[in-house]
Amino acid sequence: MHESLSKLHSIVGDDGFVTDPSVASTLLNDERGLYSGRAAAIVKPHSTKELADAVRVCFEAGIAMVPQGGNTGYCGGATPDESGSQVLFNLSRMDRVIGIDEQGFTMTAQAGVILAAAQQAAAEHQLLFPLSMGSEGSCQLGGNVSTNAGGLAVLRYGTARELVSGLEVVLPDGRIWSDLKGLRKDNTGYDLKQLFMGAEGSLGIISTVVFRLYPMPRVRIAAWLAIDNIGEAVAVLALLRNQLGDCITSFEFISREALGLVLRSMPRTQNPIDTVHGHYALVELAAFDDGGALNSDFEQALLEAMANTGLSDAVIAQSEQQRLAFWQLREMIPSAEKQMGGSIKHDVSVPISQLCSYSESVVAAMERKFPACRHSIYGHVGDGNIHFNVLAPELMQADAYRRENADAISDLIHGMAMACNGSFSAEHGIGMLKRSELAKFGDPVGLELMRQIKATLDPKGLMNPGKVL
Ligand SMILES: Cc1cc2nc3c(=O)[nH]c(=O)nc-3n(C[C@H](O)[C@H](O)[C@H](O)COP(=O)(O)OP(=O)(O)OC[C@H]3O[C@@H](n4cnc5c(N)ncnc54)[C@H](O)[C@@H]3O)c2cc1C
2 MHESLSKLHS IVGDDGFVTD PSVASTLLND ERGLYSGRAA AIVKPHSTKE LADAVRVCFE
62 AGIAMVPQGG NTGYCGGATP DESGSQVLFN LSRMDRVIGI DEQGFTMTAQ AGVILAAAQQ
122 AAAEHQLLFP LSMGSEGSCQ LGGNVSTNAG GLAVLRYGTA RELVSGLEVV LPDGRIWSDL
182 KGLRKDNTGY DLKQLFMGAE GSLGIISTVV FRLYPMPRVR IAAWLAIDNI GEAVAVLALL
242 RNQLGDCITS FEFISREALG LVLRSMPRTQ NPIDTVHGHY ALVELAAFDD GGALNSDFEQ
302 ALLEAMANTG LSDAVIAQSE QQRLAFWQLR EMIPSAEKQM GGSIKHDVSV PISQLCSYSE
362 SVVAAMERKF PACRHSIYGH VGDGNIHFNV LAPELMQADA YRRENADAIS DLIHGMAMAC
422 NGSFSAEHGI GMLKRSELAK FGDPVGLELM RQIKATLDPK GLMNPGKVL
């Protein structure tokens, strides 16, 4: 081991070999404080070549490797185990946007570029990189692709997978597989890049990505809506889509309880609608002209929704500042939950038509079995994806409640989603956290195929062991 660590040190140099214990400790603990690991070494390669050379050293010495991006993942996928024998590969020094093709609408970037920096780089060319989420100031492109992240604009632009048109990956034995042509059309056999997206670092380390870009909207129009329940949110969205078409980019549900957590714990926040309503939704539209025509179509469509669905009130943002304030309310929910002692998080999806009955059945079952616990329900209604988070009852110690009840609560919420043809992990992945769910709910043939793919690409089982499968 000692000899291999010296080789790694000489490959990445002093700047790429972490020895500072305070830096190490942030990298060895996961975002939610659920997992804490140790590492034989933490390396930060600077280029694909350094990465590949370092991976080859580990492969030859039989050392397990853990890829890490911004370490914002919710399932413990980027944390090494407690043995102290694994090498953590942190990609943060591979942070270069390599190029933007304005005519081809693509961006080529190293995997360690922070998502917000990639958005900014595209914006400097008047282009839109639409992937967007609350963690965008810290998460990295490689992590986004490895988790097939979703976020706030999936309704219009799709998940990370749908934005990728080229990939370069360092395989577990150190070979580099590269397909960075970024072609829209290329039917030459199996589409190998698909394997690495959503694989959570279990099949190789993504080093470079080619993303699709889109025209930059000139105006964004957002409205805060008051609605009775999730079913009405779904009905309002369907009406708006039929009236306004593809210009709707986001549609987020925010339960009264989730908003309440934000208003209670975050200073200078207020509900844009000052009368009390069942629940809320945030809708956003993109216009490619001055937005005037779309604004009046939007107002018309909202009036129609008020007449024909459970939409009871709506406020259209009157300034960019107000639009951002609406989004802040939505994006502050995870931090508000954290401030209240944290939550038992769920990231389920069901067919959109079943979202309402699913949510109502879960709330009823939870009230029977776990009375007094608090719910924070919010999420990407347009994608059928709801974060059904559960907080300890008022005045009860959050950690103790979680330790005692988390498994039973998650069984209930996941089991009911699976019974509706849904998923127990819509956008956060499996990591360490949901391995037992995958083993329990996964299709046996599908699981066998996954194991065979893993064994083919990673015969020594060295790439992110203990994650996913
Ligand atoms: C406030 C907040 C809001 C969030 N909102 C959303 C949301 O709306 N939608 C959503 O989908 N997620 C969301 N997340 C979760 C998280 O930000 C995403 O999963 C993100 O894509 C993880 O990126 P990362 O760079 O932090 O990856 P990490 O946490 O570092 O790693 C995640 C997984 O990817 C692997 N990995 C990382 N980099 C690479 C690489 N280069 N090659 C191979 N494998 C790699 C790791 O091994 C691990 O298994 C949120 C998180 C927070 C804290």
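For reference, each letter of the sequence shown is one residue, going 2 to 470 in this note's numbering.
The beta carbon of each residue, even a glycine, is placed where N, CA and C say it ideally should be.
Everything numeric in this text was worked out from a predicted model, so none of it was measured.
Coarse secondary structure for residue i, derived from DSSP in three states
i      : result
His280 : strand
Thr209 : strand
Ser66  : In the sequence as displayed, the identity of residue 66 is Met instead of Ser. Correct three-state label for Met66: strand.
Ser37  : strand
Gln323 : helix
Asn145 : helix
Pro188 : Correcting the residue type first, residue 188 is Asn in the shown sequence and not Pro. It is coil, neither helix nor strand.
Glu285 : strand
Ala308 : helix
Val56  : helix
Gly383 : helix
Leu168 : strand
Val220 : strand
Leu392 : strand
Test item: CB-CB of residue i and residue j under 8 Å
i      : j      : result
Pro68  : Ile206 : yes
Gly183 : Phe60  : no
Gly70  : Gly113 : yes
Leu156 : Thr310 : no
Leu181 : Leu458 : no
His280 : Asn230 : yes
Glu201 : Val469 : yes
Gly232 : Cys140 : no
Tyr379 : Ile334 : yes
Phe212 : Leu245 : no
Val44  : Gly17  : yes
Ala223 : Ala318 : yes
Leu196 : Ile454 : yes
Asn406 : His347 : no
Ala308 : Cys248 : no
Whole-angstrom distance between residue j and residue i, CA atom to CA atom
i      : j      : result
Leu238 : Gly383 : 7 Å
Glu321 : Trp328 : 11 Å
Ser411 : Ser147 : 24 Å
Ser426 : Ser350 : 7 Å
Gly342 : Gly144 : 26 Å
His381 : Thr27  : 30 Å
Gly74  : Thr189 : 33 Å
Ser179 : Leu52  : 14 Å
Leu89  : Leu226 : 45 Å
Gly87  : Thr49  : Per the sequence presented here, residue 87 reads as Gln, with Gly not at that position. Spanning the two alpha carbons is a distance of roughly 20 Å.
Pro394 : Cys374 : 4 Å
Gly386 : Ala456 : The question names Gly, but residue 386 in the sequence shown is Asn. Cα to Cα, Asn386 sits roughly 32 Å from Ala456.
Asp96  : Ala122 : 12 Å
Phe106 : Tyr215 : 6 Å
Gln323 : Thr160 : 27 Å
Leu495 : Ala119 : Residue 495 falls outside the range modelled here, since the chain spans only 2 to 470, and no answer is possible.
Asp408 : Arg221 : 41 Å
Asn422 : Gln355 : 9 Å
Asp102 : Leu450 : 37 Å
Ala1   : Asn30  : Here the chain covers residues 2 to 470 and nothing more, so residue 1 does not appear.
Val19  : Ala42  : 7 Å
Ala154 : Gly462 : 35 Å
Residue i, buried or exposed, once every other Cβ within 10 Å from all chains shown has been counted against 16
i      : result
Lys441 : exposed
Pro81  : buried
His3   : exposed
Tyr191 : exposed
Ile64  : buried
Asp290 : exposed
Glu428 : buried
Gly152 : buried
Lys435 : buried
Leu193 : exposed
Ala365 : exposed
Glu32  : buried
Whole-Å CB distance - residue i paired with residue j, under 8 Å assumed
i      : j      : result
Val165 : Met217 : That pair is no contact at about 20 Å.
Met367 : Leu396 : So it is not a contact: roughly 19 Å between Cβ atoms.
Met464 : Pro173 : 4 Å
Ala282 : Ile228 : 6 Å
Leu142 : Leu168 : With 8 Å as the limit, Leu142 and Leu168 do not qualify as a contact, their Cβ atoms being about 11 Å apart.
Arg331 : Glu253 : 5 Å
Val58  : Leu9   : 6 Å
His376 : Ser256 : 7 Å
Leu260 : Gln271 : Rounded, the Cβ-Cβ distance is 10 Å, inconsistent with contact.
Ala337 : Leu262 : 4 Å
Val363 : Met417 : 6 Å
Proximity test, Cβ basis, 8 Å: residue i and chain D
i      : result
Val146 : Absent from the structure is chain D; it holds one protein chain and no more.
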